[in-house]
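Peer 1: Protein chains in written order, with our numbering: chain F, 1 to 232; chain C, 1001 to 1331; chain Z, 2001 to 2095; chain U, 3001 to 3544.
C-beta atoms are modelled at their ideal positions from N, C-alpha and C, and glycine is treated no differently.
All values reported here derive from a predicted model rather than from experimental measurement.
Structure provided below as structure tokens; questions to follow.
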Amino acid sequence: MSDSPIAIVQHPEHLHHFVDAEQQRDAAQLGMWLFLATEIMFFGGMFCAYLVYRYWYYNEFAAGSRSLNIYLGTINTAVLICSSLTVALGVRAAQMGNRKLLVILLLLTIVFGFAFLGIKGVEWYQKYEEHHIPGRTFNADDLIRDYPQIHIDPRPEQIYFSLYFAMTGLHALHMIIGVGIFIFLTYNAWKGRYSPKYYTPVEIGGLYWHFVDIVWIYLFPLLYLIDRKPLR
Amino acid sequence: MFDNFPLWPARASAGAGNVDALFIFLLALSAFMCVAIFAMILIFSARYRRRRGIEAEQIEGSTELEMTWSIIPMVIFMAIFVWGAVIYFHERTPPRGASEVYVVAKQWMWKLEHQEGQREINELHVPVGRDVKLIMTSQDVIHSFFVPAFRIKQDVLPGRYTTAWFRATKPGVYHLFCSQYCGTMHSGMIGQVVVMEPAQYEAWLSGGGTSGSLAASGDTLFQQLGCSTCHRSDSQGRGPNLVGIFGKPVHLEDGRTLTVDENYLRTCILSPSKNIPSGFKPIMPVFQGLVSEEQINALVAYIKSLSAAPTGAAGGPSLAPAGSRSQNSKE
Amino acid sequence: MSEHVMPGRIYYTIWIALLCLTVITAAVSFVDLGRFNTVIALVIATVKALLVVLFFMHVKYTSERLTKIVIVSAIFWLFLLLALSMADYGTRHLS
Amino acid sequence: MATVAVTAERENYLNKEYGIRSWLLTTDHKRIALLYLASITFFFFIGGFFALIIRLELLTPAGDLVQADTYNKLFSMHGQVMIFFFLIPSIPAVLGNFLVPLMIGAKDLAFPRINLLSWYLYIIAGVIYLHCIVTGGVDTGWTFYTPFSTAFSNTRVIEAGIAIFIAGFSSILTGLNFVVTIHRMRAPGMTWSRLPLFIWAHYATSIIQLLGTPVLAITLLLVVFERAFNLGIFDPTRGGDPLLFQHLFWFYSHPAVYIMILPAMAVESELVACFTRKRIFGYNFVAMSSIAIAVFGFLVWAHHMFVAGISLYSALIFSILSYLVAVPSAIKVFNWTATMYKGSISFTTPMLYAFGFIGLFTMGGLTGLFLACLGIDVHVHDTYFVIAHFHYIMVGGAVMGYLGGLHFWWPKISGRMYPEGWGRLAALLVFAGFNLTFFPQFILGYMGMPRRYWQYPPEFQVLNVLSTAGSTILAVGYVLPMVYFLWSMRYGKIAEDNPWGAAGLEWKTSSPPPTFNFDETPEVTWEAYNYEQIPAPPEVNVER
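Laid out in structure tokens, this is it:
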């Protein structure tokens, strides 16, 4: 979200209003960290809603959580962790001035990003087929049938799925933006615009990617692992 | 002052005087602060206006002064807080034995039902000197029950009960406003509270034909909906025995302990899975959408009547033995 | 500033640790531990987040105190939102 | 025309380039500030126009001027326009944008392109909102309370929500830019303890913008999702809690009041120091009170919900915390007043606004004590008492500060002086009109007149007539400055570099400043408000 990627492509040294390149780099980093702070509060609003309703409707949350595909969820977590590794290694490659490695790692990250979104799409499609999308077509009869031990009220069950779609949807939106940023970074890296002296865009783009990863690290247990223990 | 230019609202409830007293105290305090600050500004402006040859004197500041004007206000604020909190606590705690009025708000109308069974729209008749507890819910959006003369206000929410209470002290007709914006005719959602002398009130009560008390219609409904097949007044039913439970703690299957109040009963009717008393199976059907707000009110009133003291006297938690339903269904 | 280039080994170690923790958290959720299921899930998530922040995001190696202040205040603000909201929801049944 | 300089003007940010492109693609913080100035003035008059129709409708108890639905839309859009499109960006995006780099000796904000992006976001939001107004408007009140906004309103809630969502990001980016700039771009020698109090208050404002606004963004987004995609997060028919929306909404919207008032306090400190020719009394306390307001401001939000059905105990917690935030505000008022002691006070237009600010903010603040007080709030909540209170803060406080600051820095911004006599007249009109408009509303509120009423019982009429009368005076007071500011851009007296003899780096460069602010980066060796070292201008009090 910083303007420095564009800016610095055109002015390899630093922009006129900065004293030197270091000041510019510090500013860009601080800017990204502050932006991530606002992102924490952005997701925080939904975490607050989640906390309240999980406290109120634990049974419905438990049943909804059971209905998610834990295998796909776990695989997706692993995919994101792998993408974080490639990002971190990418920054290292940029630090060392290894252009070819940098491009490969950035491309890998994009591939992982698409893999995550693809798997997420499959999961959403399953939810669609199960009529678990909130609204008029919503139907929780299968949950009531599958988990007779958990007493479920179908109305608040919709709240769980509303939160599920809002949270994973906005997370996916962040992933899409992240993939966009990384396509941009890959292009510039391929053009050889980053060097050990100047790789701030890769670094702050990486910060953003890691942040989106961390959000998922919390979403995974909060949405998928509420209650998986054997039913009595 | 003039009839069409009043500057102070009528004071017609037991609590109104307390609110006014605190308000007047705050007014005096504010007036004092304003006068003090404005006087300082005027004096300084006159005394230290710019003159040729006279320079301003640079003063760094004074920690003692800063502490003084931080701590003294803080102490005063805490006093105001405590005073306000006491009034609020009083306003939010209906006295035991208050007579109850169930309020259902909808766009753009107030529907009120006395426990004796009288129904009113946009009008509430109450006698002087009786504690009245309002048990309110909304059919659609958020409304707010506001009677300026009583200094009470409480938002009325869809999906749950909120309560308020007052004791009228002066006969008269007072405004009942909806004070939470609720759509097109928000400003038309005005009713009136008619406060009457007890004798007149009794006359008014006996005037309107009613179909019996709210609890009695709740009883009928209880049979019609088949509640009584499980909730029996002995311990043999598949559902909990409802006699004498109101106001008592209930232990739930998941380990929580709640107190049975109006909201608890409401939740149990509409969404039984949320609170399952320990020792019972979650087998009760969901009644959301099957009963109207008025019917829920009647059921709640009926279940509460099962816990009323046999004499109907105010005060003291009921110790009515199980099985005393018939004599209590009417208070 | 994190000019300092870290050895690649560290990244791989963290990566392995993160993958292991993911498998552990998924597996543990199938074991009935009562309330501790939630606690463990959140503790593991926090450990994972910390690993990412400290190593992948280089916060451990930064000399910049401000970054840490920004992170801590954002989390603190989130805590304020959650805690003061729950001050209402957690006490509603009492009044 | 005699005032036009004969000699070639010095190159400055205004005459460096000409043409529409040079404005719309500028990254100069000063030009962006002027872009903001023009756009928020436009929205201010739209919001003001709504307000005047509202006041005219309330002349009579019956609803006879406009339909009920129209009235509901008018007050909703008045609130949304004034808050999200005028007050939130007013001082930060105009004066802050112009002055923050100048005051700390930087050439520009840290991210000039993001600064421009933030203006474009504002404009996109504004265009969407205008479209919403023209195609039917929105009637949810500025607060968007659920379930009315999600399930019952038939108006363009989605559009309004998206517009405000985008405007929120504009505000976030402005705050982000300020924080980074203040941390990273200070001139050599400009330590934290030498920063003008203007900077301290803007720093505090930016913290709120950064940490509060995203919560509003997600809340409105969830409302939009609920309307558009049938999600059910706030829906009571599916077991949702309408109060959850209020919690999330006020988590931002209470601190948002401080986004509006802190920058006005920022201006106030500069004005009081300059026109008493003194260092602000208790610099450290005034600086820290800004930060304290920003932090404590986040702890008090549920005092908007004392009658909404929150638990008794949380009401007690939020009430006691609300008093916490009153203390730093009181500290500021006391310190400004104390600064006047043994000063050398002149009564220019900006200082008149500064006096007005102290007076009106004091009254607004004191009535805030009534509302934080549980027992009183139950009675006055959602009545005209609240309306009067927050207009005293937002109009009496924030707008007075904004106008005072605009007059004070106008010579720096435009290079021209405004006409002093007209300026003082306008300041007096605004003050008198404001009090006549809003003071009667305190009485109306305690009498029990609820807010957002299109028709009302006849006993409230006299006070409403007074209020409407005041609003017309207020309107004149607001139109006047716009007229003479425009006039002065061409015919005003050429301003000197430092016409007020004020301290601060912004006065050390030329008026208007060159594009990169300073010919060479200044090195700061003095404390803020070193008025003992600056000679007072002899003519400052004389009208010409």
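I need the DSSP call for Val3524/U, collapsed to helix, strand or coil.
Peer 2: coil
Peer 1: Thinking C-alpha only, which one of Pro3499/U, Glu3159/U, Arg3416/U, Phe3347/U is nearest Leu1046/C?
Peer 2: Looking at the sequence provided, one finds Ala at residue 1046/C rather than Leu. Among Pro3499/U, Glu3159/U, Arg3416/U, Phe3347/U, the Cα nearest to that of Ala1046/C is on Phe3347/U.
Peer 1: Hey, is Ala2074/Z's beta-carbon within less than 8 angstroms of any beta-carbon in chain F?
Peer 2: Closer than 8 angstroms to some Cβ of chain F, the Cβ of Ala2074/Z qualifies, so yes.
Peer 1: Tell me the rounded alpha-carbon separation between Tyr164/F and Leu223/F.
Peer 2: 7 angstroms
Peer 1: Identify each residue in the stretch 2018-2043 of chain Z for which the Cβ-Cβ distance to at least one residue of chain F is less than 8 angstroms, and report them in chain order.
Peer 2: Leu2018, Leu2019, Thr2022, Val2023, Thr2025, Ala2026, Ser2029, Phe2030, Val2031, Asp2032, Leu2033, Asn2037, Thr2038, Ala2041, Leu2042
Peer 1: Would you list the residues sitting across from Asp1131/C in a DSSP beta bridge?
Peer 2: The beta-bridge partner set that DSSP reports for Asp1131/C consists of Arg1167/C.
Peer 1: Could you tell me the alpha carbon to alpha carbon distance between Tyr198/F and Gln95/F, rounded to whole angstroms?
Peer 2: 8 angstroms
Peer 1: Terminal residues of the continuous beta strand (DSSP E) containing Trp3507/U?
Peer 2: According to the DSSP assignment, Trp3507/U belongs to no beta strand (DSSP E), since it is labelled neither H nor E.
Peer 1: Compare the C-beta of Ser2085/Z with all C-beta atoms of chain F and state if any pair is closer than 8 angstroms.
Peer 2: yes
Peer 1: Name the chain F residues that come within less than 7 angstroms of Arg3184/U, Cβ to Cβ?
Peer 2: Gln23, Asp26, Ala27, Leu30
Peer 1: For Leu1022/C and His3379/U, what's the separation of their Cα atoms in angstroms?
Peer 2: 12 angstroms
Peer 1: Assuming Cys1034/C is part of the beta strand (DSSP E), what are its boundary residues?
Peer 2: No beta strand (DSSP E) holds Cys1034/C; the alpha helix (DSSP H) holding it covers 1016-1047.
Peer 1: Beta carbon of Leu85/F, beta carbon of Gly2008/Z: below 8 angstroms?
Peer 2: no
Peer 1: Could you give the residue range of the alpha helix (DSSP H) that holds Gln23/F?
Peer 2: 21-56
Peer 1: Is it buried or exposed for Gly1316/C, if we count other Cβ within 10 angstroms and need 16 for buried?
Peer 2: Because the pLDDT of Gly1316/C is 36, which lies under 50, any placement of that residue in the model is unreliable, and the number read from its coordinates should be weighed accordingly. Its Cβ having fewer than 16 others within 10 Å, Gly1316/C is exposed.
Peer 1: What are the boundary residues of the alpha helix (DSSP H) that Trp3023/U is part of?
Peer 2: Counting along the chain, the unbroken alpha helix (DSSP H) around Trp3023/U starts and ends at 3020-3024.
Peer 1: Do you know offhand how far Leu3052/U's Cα is from Thr3468/U's?
Peer 2: Spanning the two alpha carbons is a distance of roughly 8 angstroms.
Peer 1: So which residues of chain F does Thr3146/U contact, with C-beta pairs closer than 8 angstroms?
Peer 2: For Thr3146/U, none of the residues of chain F pass the 8 angstroms Cβ criterion, the least Cβ distance being about 12 angstroms.
Peer 1: If you measure beta-carbon to beta-carbon, which residues of the stretch 1139-1170 of chain C are closer than 7 angstroms to chain U?
Peer 2: Within the stretch 1139-1170 of chain C, the residues whose Cβ lies closer than 7 angstroms to some Cβ of chain U are Asp1140, Val1141, Ile1142, Ser1144, Phe1146, Pro1148, Arg1151, Ile1152, Lys1153, Gln1154, Asp1155, Leu1157, Pro1158, Gly1159, Thr1162, listed in chain order.
Peer 1: Does Asn3072/U have its Cβ less than 8 angstroms from a Cβ in chain F?
Peer 2: For Asn3072/U, the answer is no, since every Cβ of chain F falls outside 8 angstroms of its Cβ.
Peer 1: Does the beta-carbon of Ala1036/C have 16 or more other beta-carbons within 10 angstroms, so that it is buried, or is it exposed?
Peer 2: exposed
Peer 1: Can you give me the C-alpha to C-alpha distance between Cys1213/C and Leu2078/Z, rounded to a whole angstrom?
Peer 2: The residue asked about is misnamed: residue 1213/C is Ser in this sequence, not Cys. If you take the alpha carbons of Ser1213/C and Leu2078/Z, they lie about 50 angstroms apart.
Peer 1: Under the assumption that Pro3263/U contacts Gly3401/U (Cβ atoms under 8 angstroms), give the Cβ distance between them as a whole number of angstroms.
Peer 2: That belief holds up - the Cβ atoms of Pro3263/U and Gly3401/U are roughly 7 angstroms apart, short of 8 angstroms.
Peer 1: What does Leu1258/C touch in chain Z if you count any residue whose Cβ is under 9 angstroms from its own?
Peer 2: His2093
Peer 1: Taking 7 angstroms as the cut-off, is the beta-carbon of Ile70/F closer than that to any non-hydrogen atom of the ligand HEM?
Peer 2: Among the ligands in the structure shown, none appear at all, so the ligand HEM cannot be discussed.
Peer 1: Measure the Cβ-Cβ separation of Leu3360/U and Ala3426/U and say whether it is below 8 angstroms.
Peer 2: no
Peer 1: Could you tell me how far apart the beta carbons of Met1136/C and Tyr1161/C are, in whole angstroms, since I believe they sit closer than 8 angstroms?
Peer 2: Correct: roughly 7 angstroms between the Cβ atoms.
Peer 1: Ends of the alpha helix (DSSP H) at Pro3255/U?
Peer 2: 3242-3276
Peer 1: Tell me which residue opens and which closes the alpha helix (DSSP H) that Ile3104/U is part of.
Peer 2: 3097-3104
Peer 1: Using 8 angstroms as the limit for Cβ to Cβ distance, is Tyr2061/Z near chain F?
Peer 2: Not an interface residue.
Peer 1: Would you tell me roughly how many angstroms separate the C-alpha atoms of Gln149/F and Arg3451/U, rounded to the nearest one?
Peer 2: 50 angstroms
Peer 1: Judging by CA-CA distance, which residue of Leu3299/U, Pro3440/U, Met3265/U, Arg3238/U is the nearest neighbour of Val3286/U?
Peer 2: Checked all of Leu3299/U, Pro3440/U, Met3265/U, Arg3238/U; the closest Cα to Val3286/U is Met3265/U.
Peer 1: Given Trp3410/U, which residues of its chain have a CB within under 6 angstroms of its CB, disregarding the five upstream and five downstream residues?
Peer 2: Tyr3418
Peer 1: Should Ala2045/Z and Ile217/F be called a contact, given that it needs their Cβ atoms to be closer than 8 angstroms?
Peer 2: yes
Peer 1: Would you kindly work out how many angstroms separate the C-alpha atoms of Ile1296/C and Ala1028/C, rounded to a whole number?
Peer 2: 47 angstroms
Peer 1: Please state whether DSSP places Cys1230/C in a helix, a strand or coil.
Peer 2: helix
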